[in-house]
Each structure stands twice: as C-alpha cells, then as structure tokens.
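Scroll down for the structure; my scribbles are underneath it.
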Amino acid sequence: MTHTTPRYEFRIFGIETINHFIELLEKNGNVGKVRNISEIYLMTSGNNENNIKIRNKLLDIKTLVRQENGLEQWNPAEVGTFPLAKEKIKNEIFPALGVECPALDRNVYTLKQFMIELILVDPDIKVALTEKERHAYTFEDCICEWANVQVNGAMVRTLAIESENPDLVYNAIAKLNIGENIENVNYPKELKRILGLKIDYDINKFF
Amino acid sequence: MAKEELKIGEISKPRFEFRTFGQDFDEAAYIMSRKSVPVPEKVWERESDEIYIVSKTNDKNNTKIRDGKMDIKTFVKSVDGLEQWNPLMKGEFPISKEVLENDVFPAFMVDMPALTKDTYTLEEFLEMVNANDNLQTVRVHKERFGYMVNDTLCEVANVLINGAHVVSINSESTEIEDIKKTMADLNVSGVENINYLQAIKRIIGWNNKPLAN
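Sequence lines, in order, name chains D and B.
Residue 141 in this note's numbering sits at position 141 of the first sequence, and the numbers go up by one each step.
Residue 49 in this note's numbering sits at position 49 of the second sequence, and the numbers go up by one each step.
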C-alpha cells in the first residue's frame, strides 16, 4: 500500500440547499480543473470507517482516522490495480467491507470477475456506480471542490473543504457562511442514505 | 367502441402507462407543456412526501404510503411495452393485524413476521418492514407538473429518491394508441418504460441497470 498524509475534511451534500455555498466558492476561490470521473463504491451496512472505491481499475480504501470537532481525517491507501491476487481480496478488501469473504476459486481476479463473482452476488454488499463532475478550487489555503455526483443515475451535489491543518478548514467553512448546524457528511454516509443502508429520516411528514 | 374521455381526477377503467426516469427530459417536458390542453389548476403543480416499500422477492406489487395512507397497486399486464396497474388495496394507519396478514405482507411476498398486536401504527409497521432483509423503505419526494396531451394524462416530475434527484415523465391513458402518439410527439418512443419500483431498485443498488439517461 502507498500512503499520503491524511487531510482533515469537511463535506456536505444537497441539491439546491448547498448552491449558495457553491456560489461563494466560485466567486472567491481560485478555479482549478474540472474532471469527470467514474467510480464504483462498495457499500455494506456495518462499515462506517472504510471508504472503498474503484477508479480506473484501481481499488483504494480510505480509512477514517479520527473525528475531531466536526472534521474528519481519512487515511487514503491504494490496495492495488486489477487484476488483483486473491490474498489481497481476502486479507484487505473483505475485512474492510466487514463481511465474510466467500471461497475464492481463482488465484487472480480481473475487475469484471471480482464484481460479477464476488460482489454483485453478495446480498450484504451494495454497489454505488458514481459519475462525478468535479470542480476544483483553492480557497483560503484549502483544497476545495464542488461536484455534481450521479449515484446509480440519481443526482446529488457536494462541496468539500480539505487541508492538513484543521484551523484552515474551520476558517474556510466560516468564510463560506456554512453554519455550525450543517452536518459534515462523508461519501460513505451519503451513499448509505441514498442506498437505504442507513434509515434516518423524520417520519412525521408522512402522516 | 368509442374511447372513454379521460378527465383528470376522475376514476376511469384501468389505464396503461408509459413512465421513465433519468436526468434530462428537458425537450420532452417543453413539448409536453406546449402541446397540453389547459388542465385544472389543482394539477398544475403538486408536491408530496411518500414512502415506497420495495421487496426483493417481487416486482408485481407497488406499495406506497402518503398522508398516513397505504396504497398497493398490482401489475396486471404489459401491452406493447406499456404497463397496466390496478389498485390492490388501500389502508390507513393505525392498520389492523388482519389487513397486514391478509393483504399487505402477502403483497410483499415475504415471510409473515410475528404479529403480536391488534393494530400497528405507521412507525411500528415501518420498523417491521426495515427489520426484514427482503424489504426496504425508500423516501420519495415528488414535485409534479400535470398536463394533458393527446387525451393522455401526462406529468413531468422532479423526484428525490432518498434525497437524490431524478426526473420522471409519464403518459397514461386507457387508450394505448394515444400514449404511443404522445411518446412519438415527445421524441421518447425508443426510451425504456421504467416504473417507480424499477427506478427505485436501480437507484438503491438492487438492480444494476441504468436509468434512461
């Protein structure tokens, strides 16, 4: 595995509710690249600490290091590029998913074999196919982005602020007028809400 | 036989429906709005919060809860790709154990949970649903704009499925040819008919097929 320095991250999701913050970022930030990225997220109901995704056949696992005063620090680690050896699948991927590893008949799995033979057949694993249009910015010495994200074809919008220095993140949050009551929602948490792996809605409006 | 004139809000014989989901139906929505005859003000724009209950074991029964009332529709048949659904039952919360035993859980086609109470509140019912691995509740918010084109009831809807946005368009009528003409007029003749159950199952990852666009 390769490692980079964990950053503190604050992220929010919404549709129209976060447009005001995005407008402020666009107005006051330094614009960077726009990237279109396709990623596969592997989700399980019991896993809250590992963010497992595949991009361009590269599987990486971000692990939640700490939650501190409303910010989260994630440690990114590349597991490897498909085809992957069964030892990696058994010893790194399935433990991170928190579900039992099935019998592995092959020594090496291509991405297609991995998805079809091990993932899509497992009732405890759900897949989120995402298409992201990511707009990068720097703002108040933080790495920022807003993105349109299609999750299995349905759209949400996200805004994120990252830095190795948590004080810089707090400062950027304040400068974007993001109130203290707005929840920091990481990708796995939002995807679990969309996939229905996390039920946390107010029932009263359905009466 | 003379075709039945559809009137918005009135009960008619079972209708056929074309519906689809995706991200971009701007052109179809524009054409729909221009070709529509005037419609009652009450259907110009409607918003609702609903809970759909999806079952892994079947695509035949469509269960939703709105304003504390449960409504189950059942699939009847498909003709030329258009679907016909009929009402199966309507119930209100608190709901009796007998209705759950005789109508609701059989419609889900899953094992009956132990029902120890005479009646169940919506909250208690949803707890039972979410405790079942083959069932799932899904939050749906709809913002619907109603039209009538070629004597078919039409709508464009912004739909949030567990908070994520999709667009849906539909045309429904007792007359199949009127729907086909409407689909042609809207330039969606080749587009897959995707009903609510299918769209929800795709978005929540129970089916890996894509939406229409």
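Where is the CB? At the ideal position from N, CA and C, for every residue including glycine.
For residue j and residue i, the rounded distance between their alpha carbons
i      : j      : result
D:L159 : B:N170 : 33 Å
B:E143 : D:A154 : 15 Å
B:V140 : B:L100 : 22 Å
B:F75  : D:R193 : 28 Å
D:N28  : D:I161 : 14 Å
D:R260 : D:A147 : Lying outside 1 to 207, the shown extent of chain D, residue 260 of chain D is not represented and no answer is given.
D:H20  : B:K77  : 47 Å
D:E183 : D:I12  : 7 Å
D:L197 : D:A128 : 12 Å
B:I194 : D:E68  : 44 Å
B:W85  : D:V99  : 39 Å
D:I143 : D:L168 : 10 Å
D:L24  : D:L71  : 21 Å
B:L160 : B:N208 : 19 Å
D:E49  : D:D122 : 20 Å
B:H165 : B:V138 : 13 Å
B:M1   : B:D178 : Bear in mind that the predicted position of B:M1 carries a pLDDT of just 47, short of 50, making it unreliable; the figure below should be weighed with that in mind. If you take the alpha carbons of B:M1 and B:D178, they lie about 15 Å apart.
D:L120 : B:W206 : 9 Å
D:M1   : D:Y187 : Low local confidence applies: a pLDDT of 46 at D:M1 is under 50, so the model's placement there is unreliable, with the coordinate-based value given in what follows. Rounded to whole angstroms, D:M1 to D:Y187 spans 22 Å at the Cα level.
B:F16  : D:P166 : 57 Å
D:F94  : B:Y147 : 50 Å
D:K90  : D:A96  : 10 Å
D:G14  : B:E83  : 33 Å
B:R19  : B:N62  : 14 Å
D:T63  : B:E175 : 56 Å
B:D133 : D:I125 : 13 Å
B:D67  : B:K42  : 17 Å
D:Y137 : D:Q73  : 20 Å
B:Y120 : B:D49  : 21 Å
D:H3   : D:V31  : Residue confidence for D:H3 is low, a pLDDT of 46 falling below 50, so the modelled location carries little weight; the figure read from the coordinates is stated next. Distance between the alpha carbons of D:H3 and D:V31 is about 27 Å.
B:P14  : B:Q136 : 28 Å
B:E47  : B:A157 : 9 Å
D:A77  : D:V65  : 12 Å
Any non-hydrogen atom of the ligand ZN closer than 7 Å to residue i Cβ
i      : result
B:R144 : In terms of ligand content, the structure shown is empty, and the ligand ZN therefore cannot be addressed.
Chain-ordered chain B contacts of residue i [CB-CB under 8 Å]
i      : result
D:A128 : G205
D:I12  : Those within 8 Å of D:I12 in chain B number zero; the least Cβ separation is about 12 Å.
D:I116 : Within chain B, no residue comes near D:I116; the closest Cβ sits about 10 Å away, beyond 8 Å.
D:I40  : Chain B residues near D:I40: none, gap ~10 Å exceeds 8 Å.
Amino acids of chain D, ordered along the chain, whose beta-carbon sits closer than 7 Å to that of residue i
i      : result
B:V138 : G196
B:R202 : N152 and G153
B:A164 : V151, A154, M155, V156 and I194
B:I161 : A154
B:L211 : G153
Per-residue contacts from residue i into chain B (C-beta, under 9 Å)
i      : result
D:L120 : N208
D:I37  : Going along chain B, no residue has its Cβ under 9 Å from D:I37, so there is no contact; the nearest lies around 17 Å.
Listed by chain order, chain D residues near residue i by CB distance under 8 Å
i     : result
B:Q23 : Q150, G153 and M155
Under 9 Å by beta carbon: chain D residues contacting residue i
i      : result
B:L135 : Per Cβ cutoff of 9 Å: no residues; B:L135 is ~10 Å from chain D at best.
Opposing strand residues paired with residue i [DSSP bridges]
i      : result
D:K62  : D:N51 and D:P76
D:I125 : DSSP output for D:I125 lists no bridge partner at all.
D:L208 : There is simply no residue 208 of chain D to check, as chain D begins at 1 and stops at 207 in what is shown.
D:Y8   : D:Q73 and D:S163
B:W206 : None; B:W206 has no bridge partner.
D:I143 : D:T138 and D:E162
D:A154 : D:V151
D:E131 : D:S38 and D:Q150
B:E17  : B:E83 and B:E172
B:K73  : B:N62 and B:P87
Interface residues of chain B facing residue i [CB-CB closer than 7 Å]
i      : result
D:I18  : By Cβ distance, chain B contributes nothing, its closest Cβ being about 12 Å from D:I18, past 7 Å.
D:I182 : Correct list: empty, because the minimum Cβ distance to chain B is about 15 Å.
D:I52  : Going along chain B, no residue has its Cβ under 7 Å from D:I52, so there is no contact; the nearest lies around 14 Å.
D:I93  : Within 7 Å Cβ-Cβ: nothing; D:I93 doesn't reach chain B, min ~18 Å.
* Asked: Which ranges would you report for the alpha helix (DSSP H) in the stretch 12 to 49 of chain D if only whole runs of at least 4 residues count?
  -> As far as the stretch 12 to 49 of chain D is concerned, its whole alpha helix (DSSP H) runs of at least 4 residues are 19 to 28.
* Secondary structure, beta strand (DSSP E): runs of 3+ residues fully inside the stretch 76 to 146 of chain B -> With a minimum length of 3 residues, the continuous beta strand (DSSP E) runs that stay inside the stretch 76 to 146 of chain B are 82 to 92.
* Asked: Is the stretch 6 to 20 of chain D touching the stretch 101 to 120 of chain D, taking contact as three or more C-beta pairs under 8 Å?
  -> Because the criterion of three Cβ pairs below 8 Å is not met, the stretch 6 to 20 of chain D and the stretch 101 to 120 of chain D do not touch.
* Can we say the stretch 183 to 199 of chain B touches the stretch 159 to 179 of chain D, given the rule of at least three CB pairs closer than 8 Å? -> Flag = no, the stretch 183 to 199 of chain B and the stretch 159 to 179 of chain D do not touch.
* Length at least 4, wholly inside the stretch 66 to 100 of chain D: the alpha helix (DSSP H) runs in chain order -> Listed in chain order, the alpha helix (DSSP H) elements of length 4 or more contained wholly in the stretch 66 to 100 of chain D are 94 to 97.
* **Contact the stretch 68 to 83 of chain B vs the stretch 100 to 109 of chain B: 3+ CB pairs below 8 Å** => By the criterion of at least three beta-carbon pairs nearer than 8 Å, the stretch 68 to 83 of chain B is in contact with the stretch 100 to 109 of chain B.
* To do: Can you check the stretch 144 to 200 of chain B for any alpha helix (DSSP H) of at least 4 residues that lies completely inside it and give the ranges in chain order?
  => Correct list: 176 to 185.
* Using 8 Å as the Cβ pair cut-off and three pairs as the minimum, do the stretch 192 to 203 of chain B and the stretch 51 to 58 of chain D touch? -> Contact fails: fewer than three Cβ-Cβ distances are below 8 Å.
* Segments assigned alpha helix (DSSP H), at least 4 residues, entirely inside the stretch 19 to 71 of chain B -> Listed in chain order, they are 26 to 35.
* **the stretch 107 to 127 of chain B touching the stretch 43 to 56 of chain B, judged by at least three CB pairs closer than 8 Å** => Touching, per the Cβ criterion.
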